Each structure stands twice: as structure tokens, then as C-alpha cells.
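Have a look at the structure below, then the notes.
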């Protein structure tokens, strides 16, 4: 019986690959009843932009470059459902079969196999071979003690120490070839789409962090000045950056500490640079969401829905290959949760001009006024709506006294609901939704990766016989 573990606990001794596809089957791949064709439902994904900064991540105005390897995998993979199997063996005589070397077909613990008695001595594996037709597994071992073998017909044989050739019938693998082909393709496609979403999120997080970090640093310096003034004048109560800026917005007159900081320490050039950076970063996030995150996750959800349907066939997938519907459903729910969070990221990016970017634009006008200078041109720095800025400043977290960066909050590696999720409008349809409260992106991405690994760990539980 192949065990459920798919990790070697000691040094590897043998590694070999078995090409389980055949040329005469390649043309009949579309005849498989398990193929999920998505070419007529989705558009191909472009290549990810290169670079780390938001300026480098801005996509060209011309046609985007097609990601050819990903296109072949997603839209042409069903033309040839061939797969290969990595056969590995370690020093403790355990043999592992893994499709594409990535997801497990199972383990054969040779030293603990019930039909074999090696006299208490672990045999040494010299060679291992799986037939391309998957119907037979042959092992060549070296034994140091007499070996007793129980055959399927009930007879027993005894072999002297030396070289022993063992043959196992693995007909369940060959009979499940169509199912293994489908799972091999499904796993590879799902893994590639999840990795594309993760790579796009990493680029988005980098672009936004590089854009807002200088301005957030200035806000933290302002926070230190406000707290210093509060300590000198405790009768005025504990102030916060959001409260001080709200006072400036409402009355036009800041406190002495805020006035001194805005006039002497906050340079307009820094604010202008931050405004341009956050505007460019918001546009970059929009493009990444529309061209990479949303399409890749929608394709992933579609493929997982198809896989969930396949897992409901007990004698084809659940029993024979160990694909459990609950594990597939867990991956599907994780992908849907990540898709919802990416949709929230898209919403926050679109309204960035009413959040962090709007605050920077208002500060440029406010600093000019405090210095008795002419206001900037509205073509260069549009004056934001004061009610919108007031609402944004009022949403500050008591923990840090700073205005909430809804986009940056989505990229924090923290548990809990995203800050932007609480501001979403609700209606009667929300009561019918099965989605949990939207969490932050790193936790959802990690949950999807773990659920995908659990879904294909292991796949098969087959019984070879001597």
C-alpha cells in the first residue's frame, strides 16, 4: 500500500524520470472527458512588467506582450495531456512517485512492505524503473540477510542474500491514466495562475510602498512634534495628527507645532514628488489589477470549479486518486477570498485621489497659504473636496493617530479585516453573500498557497502487488 507521506526523511539514493506520454495519444488529448477548455472564455495574460518602481511598472501605451509559456499552458495544454513522473528512492528503501516531480502519487515503503521480510536488514536500492504504460514497477535491491517473499497465490519464497529483482503490478495507475493526465494539467495550471497572482501582488506592494514611504515618514515626524507639544501642554489633552490636520482644514489656523512643521520642515518639492509618485503608483495598481490579478484569479476559480466537479466522481478521482472534494472546496474558497480582496484593492486604487493622494494635494495648497504664497495652478494640483478630506482624516486609527492608508493596509502582513472593508457600502444582498470579511492580501495569498498544496498532497493511494 502506498503511504500518504510524500517527503523523504533521509538522503536520496536514486532519482529517475519516466515519460508517461506517448505520441499516439497526443492527438487524442481532446477526447478526454475531463478536459477543461478555457480558450473561449478568457483572454490570454500578458507578460508581467519588469522593474520594481512604479515608473518602471507603468505599462506601455502600445500592445502588451503576450506571455507565451503561460498561454501555451493555459490555452493549448489540452492538446497534449502528456505528463512525466519523478521516481525517487532514499537510503531507507522508500520509493516515491510524483507527477511532474511536484505533486505526489504516493510512497512505497519497501522495508515495511507486508509481503516482504528482509530479515531485519534494510535493503539497498540499486535501480528503480516504472513502465511508461504505468502498469509495472521494477526495483533492483541488494540484501544482506535471507529474504522471504509472500506471493499473491499464497506461496512463499526464500532468497539468499544478494541482488533481488522485485516486480510490482501497478495496474491502478495505468487504468487511471486519463484521470492522472487531467490532474497533472489541472495542478500545473492552477499553480501557475496562483504564482502569477502572487507575483503581481508583490509588484503592486513594492510600487505602492516606494511611492508612499517618504510621505508617511513625514507624517510620523509630524506625529512626534504633535506628541511633544502635548507633553509640554498636558491641559490641552493628547493631540493626534489627524485632529491637528482637521483643525487646519476647518479653521485654517493650525497649532504652533503644526505651523512650524508645515512651514519650515515640510518642503513643497517633497509634497509634489509624493503627489506624482502616489498618482503613478495608483495607476500602476489599477493596471496590475485589471490585466493580471483579476484575470488570473478568475481563471483559477473557473478551473477549481471544474476540478471540484471532478472530485465528486468517487470511483474516478476521490477513491482511486485520493482527490477529496473538501480539499478542492477549500482551495476554491481561498481563491474567491483573494479575488474579493483584489477587487477591494482595485476600488481603493481608483479612489486614491480622495485618500492619500487627495491629502497630499490639499497639503500643498495649505502650505502655500500658510506661507502667504499664491496657490498652485489647479491644472497642476487640483484642489480636492474638503468634505472628502475631512472624512478621510476622520477615519484615522487610534493606534497610530495617522490617517489610514487603505491601499497600504491591504498589503500589511497582519491578521484581521482590512481597514477599507469596513468602509464598503452594504445592502440587502450582503446578507446572502457567503464571503467572509475581507482580510489583508498577504494572509489570503498564504492561505491559497497552503490550500493548493493540501489539495494535491497526496493524490493517489494505490496498492501494488508482487
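In this note's numbering, the protein residues as written are -13 to 452.
Using N, Cα and C, we set each Cβ at its ideal position, and we do this for glycine too.
Values in this document were obtained by computation on a predicted structure and should not be read as measured data.
Between residue 267 and residue 199, what straight-line distance do the alpha-carbon atoms span, to the nearest angstrom? The alpha-carbon atoms of residue 267 and residue 199 are separated by roughly 12 angstroms.
Whole angstroms are fine: how far does the CA of residue 185 sit from the CA of residue 258? Straight-line measurement puts the Cα of residue 185 at about 30 angstroms from the Cα of residue 258.
Boundaries of the alpha helix (DSSP H) in which residue 311 is found, first to last residue: Here the alpha helix (DSSP H) through residue 311 covers 311 to 336.
Closer than 6 angstroms by C-beta to residue -5: which residues in its own chain qualify, once you throw out the five before and the five after it? Chain order, please. Counting only Cβ-Cβ distances below 6 angstroms, and skipping sequence neighbours, we find nothing.
Length of the line joining the Cα atoms of residue 19 and residue 336: CA-CA distance, residue 19 to residue 336, rounds to 43 angstroms.
Take residue 197 and list the residues in its own chain whose beta-carbon comes closer than 6 angstroms to its own, dropping the five residues that flank it on each side. So the qualifying residues of the chain are 40, 263, 264, 267.
Cβ-based neighbour list, residue 59, same chain, cut-off 8 angstroms, excluding 5 preceding and 5 following: Closer than 8 angstroms at the Cβ level, and outside the excluded window around residue 59, lie 174, 175, 178.
Could you give the C-beta distance for residue 78 and residue 108, rounded to a whole number, given that I count them as a contact under 8 angstroms? Between residue 78 and residue 108 a beta carbon distance of about 6 angstroms is seen, short of the 8 angstroms cut, so the two are scored as contacting.
Anyone know if the C-beta pair for residue 83 and residue 96 falls short of 7 angstroms? Against a cut-off of 7 angstroms, the Cβ pair of residue 96 and residue 83 comes out as no contact.
C-alpha gap between residue 372 and residue 235, whole angstroms: Going by the C-alpha atoms only, they are around 7 angstroms apart.
Taking the C-alpha atoms as reference points, what is the distance between residue 380 and residue 232? Approximately 8 angstroms, taken between the alpha carbons.
Throw me the rounded Cβ distance for the residue 209 and residue 256 pair, which I believe falls under 8 angstroms. With a Cβ gap of about 17 angstroms, residue 209 and residue 256 do not count as contacting.
Quick one: is residue 3 buried, meaning 16 or more other Cβ sit within 10 Å of its Cβ, or exposed? Classification for residue 3: exposed.
Assign residue 165 to one of two classes, buried (16 or more other C-beta atoms within 10 Å of its C-beta) or exposed (fewer than that). Buried, since its Cβ has 16 or more Cβ neighbours within 10 Å.
At a threshold of 6 angstroms, does residue 392 count as lining the ligand FMN (C-beta to nearest heavy atom)? The ligand FMN is not among the ligands present in this structure, which contains no ligands whatsoever.
For the stretch 372 to 405, which segments carrying the alpha helix (DSSP H) assignment without a break, of at least 4 residues, lie completely within its bounds, in sequence order? The qualifying runs are 372 to 379, 392 to 396.
Nearest-angstrom Cα separation, counted from residue 30 out to residue 277: Our two residues, residue 277 and residue 30, have alpha carbons roughly 10 angstroms apart in a direct line.
Any contact between the stretch 323 to 331 and the stretch 405 to 424? By contact I mean 3 or more CB pairs, one from each, below 8 angstroms. Counting Cβ pairs under 8 angstroms, three or more are found: they touch.
When DSSP labels each residue in this structure, what does residue 216 get in the three-state scheme? Here residue 216 sits in helix by DSSP.
So, at 6 angstroms on beta carbons, what are the nonlocal neighbours of residue 113 in its own chain, with the 5 sequence-adjacent residues on each side left out? The beta carbon of residue 113 is closer than 6 angstroms to those of 126 in its chain, skipping five residues each way along the sequence.
Since residue 428 is in the alpha helix (DSSP H), which residue starts that stretch and which ends it? 427 to 441 is the span of the alpha helix (DSSP H), which, as asked, contains residue 428.
Kindly indicate which three-state DSSP category residue 153 falls into: helix, strand or coil? When secondary structure is reduced to three states using DSSP, residue 153 falls in the strand class.
What's the C-alpha gap between residue 454 and residue 32? Here the chain has residues from -13 to 452 only, and residue 454 is not among them.
Got a sec? Which residues, its chain only, sit under 8 angstroms from residue 365 by beta carbon, not counting five neighbours each side? Closer than 8 angstroms at the Cβ level, and outside the excluded window around residue 365, lies no residue.
Go to residue 113, then tell me how far its beta strand (DSSP E) extends in each direction, as first and last residue. Under the DSSP assignment, residue 113 falls in the beta strand (DSSP E) whose first and last residues are 110 to 116.
Nonlocal neighbours in the same chain, by C-beta distance under 8 angstroms from residue 69, ignoring five residues either side: A distance below 8 angstroms between beta-carbons, with the five flanking residues on each side excluded, links residue 69 to the following residues of its chain, in chain order: 6, 7, 85, 86, 166, 167, 170, 171.
Note down the Cα distance separating residue 362 from residue 228, rounded to an integer number of angstroms. Distance between the alpha carbons of residue 362 and residue 228: 24 angstroms.
Give me the Cβ distance between residue 399 and residue 342, rounded to the nearest whole Å; I'm assuming they're in contact under 8 angstroms. The pair is not a contact, with the Cβ atoms about 20 angstroms apart (cut-off 8 angstroms).
Report yes or no: do the stretch 344 to 354 and the stretch 289 to 307 share at least 3 C-beta pairs separated by less than 8 angstroms? Touching, no, given that fewer than three Cβ pairs across the two stretches are closer than 8 angstroms.
Put residue 300 into one of helix, strand or coil per three-state DSSP. Shown here, residue 300 sits in a helix according to DSSP, grouped into three states.
Using 7 angstroms as the threshold, is the C-beta distance between residue 248 and residue 353 below it? Closer than 7 angstroms, so yes.
Could you give the DSSP three-state label for residue 57: helix, strand or coil? Three-state DSSP puts residue 57 in a helix.
Please name the residue in 135, 213, 153 whose C-alpha comes closest to that of residue 146. Comparing Cα-Cα distances from residue 146 to each of 135, 213, 153, the minimum goes to 135.
Within its chain, find whatever has a CB closer than 7 angstroms to the CB of residue 13; leave out the 5 residues flanking it on each side and keep chain order. Low per-residue confidence applies at residue 13: pLDDT is 45, beneath 50, and the placement is therefore not dependable enough to give any value.
Measuring CB to CB, does residue 194 end up less than 7 angstroms from residue 393? Against a cut-off of 7 angstroms, the Cβ pair of residue 393 and residue 194 comes out as a contact.
Residue 356, enclosing alpha helix (DSSP H) - first and last residue: 342 to 356 is the span of the alpha helix (DSSP H), which, as asked, contains residue 356.
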